[in-house]
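Chains as they are written, first to last, in UniProt numbering: chain C, 1 to 386; chain P, 1 to 245.
Written below as structure tokens is the structure these notes are about.
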Amino acid sequence: MSSAQIEIQLIASLVAISCAIPGTFLVLRKMAMISDAISHSILPGIVIGFFITQDLNSPLLILLAAITGIITVILVEYIQKTGLVKEDTAIGLVFPILFSIGVILIAKNANDVHLDVDAVLLGELAFAPFDRLLISGIDIGPKSLWVIGFILLITIGLLFAFFKELKVSTFDPGLAASLGFSPAIIHYGLMTVSSVTTVGAFDAVGAILVVALMIAPAATAYLLTTDLKRMLIYAIGFGVLSAITGYWLAHYLDASIAGSITTVLGLVFLMVYLFAPNKGVIAVLYREKQQRTEVSLLTFLLHLKNHNEESERHVNHLNEHINWQKVRSKSVLDLALKNNMIQLDDNIVSLTEKGDEFTSQAIDYIITNEDAQIEDMKDDFFLFRG
Amino acid sequence: MSKKIAVQIDDLTVAYNYKPVLWDIDLEIPEGVLMAIVGPNGAGKSTLIKSVLGILKPIAGSVSIYGKPYEKQRSLVAYVPQKGSVDWDFPTTALDVVMMGTYGSLGWIKRPTQKEKKAALEALEKVGMLPFKNRQISQLSGGQQQRIFLARALVQNASIYFMDEPFQGVDASTEIAIINILKALRKAGKTVIVVHHDLQTVPEYFDWVTFLNVKKIATGPVKDIFNDDNLTKTYGINYKVSIQE
Ligand SMILES: Nc1ncnc2c1ncn2[C@@H]1O[C@H](COP(=O)(O)OP(=O)(O)OP(=O)(O)O)[C@@H](O)[C@H]1O
Ligand SMILES: [Mg+2]
């Protein structure tokens, strides 16, 4: 690997981490769309900043663009507060307007501005290593690495300091307000971090990848865990993984890096969406099937418990009595046998001791619905898992 | 006997989008009562509580807790929001939600320690939810979620408790468990204010009641003012509750 390649991957990874952190909270606050709005509407801020500073990495430019991001949020909320339109409509109204102001500003000054709309949307990670930061003539690395590294440090610092405030105000803004943690302050803090991250990252990776890196890893992580800290860690992991995989994909396909990373992000999400252990589509379908089988099993066991007469318990007639098709009866019978719930003597089915006890317990549960009592049963019996 | 006033509300008017939903409310809640707030859906019951707790900004009027503004008295007040007001799919556990009750006393930045965790576990124990402490909150039944919210308020160790429909969607045994906890709070000298929908149980559970429907209709001891006249004024229809003596 050349040092340029390493630098590109490093920048992409740092961007991924800086995006995943605010992204996790945006996803939990159901505000994914707002990151889209911010990433587009900061354009006029960037353009004006660029006119003034002539430098895409200047702190003043980042500040101006971040302010545009906050203005976007305020405008969206203001329009929403009038009660005339919903939030998504408000977002859809605000950001195209701001974005097109940016586009017009660029077009009007196309001659003397080294900035084009393509670059804003897609960025050019491949060129990032060429823009070096020199301090008294000494090369200390790519500028965008320093910019995003600095933003990441601040983001991590804020996350550690205000983790509990972020958590409570995201979960229960009413409680947060009553405890004195102003949800407005936390909300605008998060919006500021999102805006600054977007501005800092977009030069390297473009607006679309910024949005993808904020939302996709967090959405993926959400499917895999029930713990906020883990969700953050997973989101960071998925972001970095996709950034590096995407880089090499682009390398071999000779394609756009930002495009490849976005594709990998989408693929990773799709895989997790399908295969996640609890919330994944396949797991959900499997669980439903499993529950159907278990309800059948229980019905079957109950039938055995309620009927002593042998005619009701003959293997060949079971399907008639419980009114099931042969295949279903067979699979339920097998399941019961496998779990030692029943025994077969001469084709007459009867409950074993274990089967009898299990059936009584299950009836108890269904009647009382007392969760605490069957806490330990839950692990080996699907039916009771909510 | 004149009791101390725990909560005093003067000329309170609250609006959403400039449309007032509470008009000129005057209300005094004496210390140590177990009070029901009753009124139809949309009467502004939740809004009243949120305005007292500084969650909403009123357009007029003032609120004081033991004579001082709410901002100075936060530590004296605990809050159980309406259950539907939060996202139960949030990635967190029962214990963690209860711990949130300790955040107020911690203040900004400081993190909960073993001490806070111990308090949260005790509160879970009180509401009978200790076996569920590590359960993801979406995996709890409605009644269990309500108990978790109650535990979170208990851990705040306050003097005044505001609860928005703590009996919503709970079964009979949970309802009894909750009301026993509320009565224990009153016995310990706390003031408990509960938004309540089941009019039948008002006389049995509460000693104080406020009728609310955009305006305050009446407030006072249940035995004096819980009658068909006030119910009719509040609910608009001719209301008859048969109260067994
Ligand atoms: N965020 C909001 N924006 C606009 N209007 C609101 C908002 N919240 C409540 N309202 C309106 O304010 C009025 C009072 O609402 P509130 O939630 O206080 O009623 P409530 O008495 O608690 O009703 P419920 O018994 O249904 O909980 C209702 O008409 C409601 O539609
Ligand atoms: Mg309400």
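By construction, the Cβ of each residue, glycine as well, lies at the ideal position given by its N, Cα and C atoms.
Bear in mind the structure is a predicted one, so any value in this text is a computation, not a measurement.
Return helix, strand or coil for residue i, following the three-state DSSP convention.
i, result
"residue 168 of chain P", "coil"
"residue 25 of chain P", "strand"
"residue 243 of chain P", "Because the pLDDT at residue 243 of chain P is just 49, under 50, the model does not fix this residue reliably, and the value given afterwards should be weighed accordingly. If DSSP states are grouped into helix, strand and coil, residue 243 of chain P belongs with coil."
"residue 136 of chain P", "strand"
"residue 87 of chain P", "coil"
"residue 85 of chain C", "coil"
"residue 60 of chain P", "strand"
"residue 226 of chain P", "coil"
"residue 276 of chain C", "coil"
"residue 202 of chain P", "helix"
"residue 247 of chain P", "As displayed, chain P neither begins before 1 nor continues past 245, which places residue 247 of chain P out of reach and without an answer."
"residue 112 of chain P", "coil"
"residue 336 of chain C", "helix"
"residue 10 of chain P", "strand"
"residue 23 of chain C", "helix"
"residue 75 of chain C", "helix"
"residue 92 of chain P", "coil"
"residue 55 of chain P", "coil"
"residue 218 of chain P", "strand"
"residue 129 of chain P", "coil"
"residue 188 of chain P", "coil"
"residue 163 of chain P", "strand"
Where do the ends of the alpha helix (DSSP H) carrying residue i lie?
i, result
"residue 306 of chain C", "281-306"
"residue 36 of chain C", "32-41"
"residue 216 of chain C", "183-222"
"residue 344 of chain C", "Taken as a continuous stretch (DSSP letters only), residue 344 of chain C belongs to no alpha helix (DSSP H), being part of the beta strand (DSSP E) at 342-345."
"residue 147 of chain P", "142-155"
"residue 248 of chain C", "228-253"
"residue 47 of chain P", "45-52"
"residue 177 of chain C", "173-179"
"residue 103 of chain P", "103-106"
In chain C, which residues lie with their C-beta within 9 Å of the C-beta of residue i?
i, result
"residue 136 of chain P", "226 and 227"
Shorter than 6 Å, the distance from the beta carbon of residue i to the closest heavy atom of ligand 1, or not?
i, result
"residue 57 of chain P", "no"
"residue 205 of chain P", "no"
"residue 43 of chain P", "yes"
"residue 16 of chain P", "yes"
"residue 196 of chain C", "no"
"residue 21 of chain P", "yes"
Listing by chain order, which chain P residues have their CB less than 7 Å from the CB of residue i?
i, result
"residue 179 of chain C", "74, 103 and 104"
"residue 175 of chain C", "79, 81 and 100"
"residue 28 of chain C", "90"
"residue 231 of chain C", "91"
Give the interface partners of residue i over in chain P, defined as CB-CB distance under 8 Å, in chain order.
i, result
"residue 222 of chain C", "91"
"residue 193 of chain C", "Neighbours of residue 193 of chain C on chain P: none; closest Cβ ~16 Å, over 8 Å."
"residue 171 of chain C", "86, 87, 90, 92, 97 and 100"
"residue 168 of chain C", "100 and 103"
"residue 162 of chain C", "108 and 109"
Under 9 Å Cβ-Cβ, which residues of chain P neighbour residue i?
i, result
"residue 165 of chain C", "103, 108 and 109"
"residue 81 of chain C", "17"
Under 7 Å between beta-carbons, which chain C residues line up against residue i? List them in chain order, please.
i, result
"residue 54 of chain P", "177 and 178"
"residue 50 of chain P", "174"
Thinking residue i and residue j are a contact (beta carbons under 8 Å), I'd like their distance in whole angstroms, please.
i, j, result
"residue 313 of chain C", "residue 349 of chain C", "5 Å"
"residue 170 of chain P", "residue 35 of chain P", "Going by Cβ atoms, the distance from residue 170 of chain P to residue 35 of chain P rounds to 20 Å, so no, they are not a contact pair."
"residue 212 of chain C", "residue 148 of chain C", "No, residue 212 of chain C and residue 148 of chain C are not in contact; Cβ-Cβ is about 16 Å, not under 8 Å."
"residue 31 of chain P", "residue 82 of chain P", "At roughly 25 Å, the Cβ-Cβ gap does not stay under 8 Å, so residue 31 of chain P and residue 82 of chain P are not in contact."
"residue 39 of chain P", "residue 232 of chain P", "No, residue 39 of chain P and residue 232 of chain P are not in contact; Cβ-Cβ is about 13 Å, not under 8 Å."
"residue 49 of chain C", "residue 198 of chain C", "Contact doesn't hold; Cβ gap of about 14 Å is too wide."
"residue 111 of chain P", "residue 143 of chain C", "Actually they are not in contact, since the Cβ atoms of residue 111 of chain P and residue 143 of chain C sit about 36 Å apart, beyond 8 Å."
Could you check where the beta strand (DSSP E) with residue i kicks off and where it finishes?
i, result
"residue 211 of chain P", "208-213"
"residue 142 of chain C", "138-142"
"residue 35 of chain P", "34-38"
"residue 193 of chain P", "191-195"
"residue 349 of chain C", "348-351"
"residue 134 of chain C", "132-135"
"residue 79 of chain P", "77-80"
Flag residue i as yes when its Cβ comes closer than 6 Å to any non-hydrogen atom of ligand 2, and as no otherwise.
i, result
"residue 46 of chain P", "yes"
"residue 82 of chain P", "yes"
Please tell me whether residue i has its Cβ less than 7 Å away from any Cβ of chain D.
i, result
"residue 218 of chain P", "Of the protein chains in this structure, namely C and P, none is chain D."
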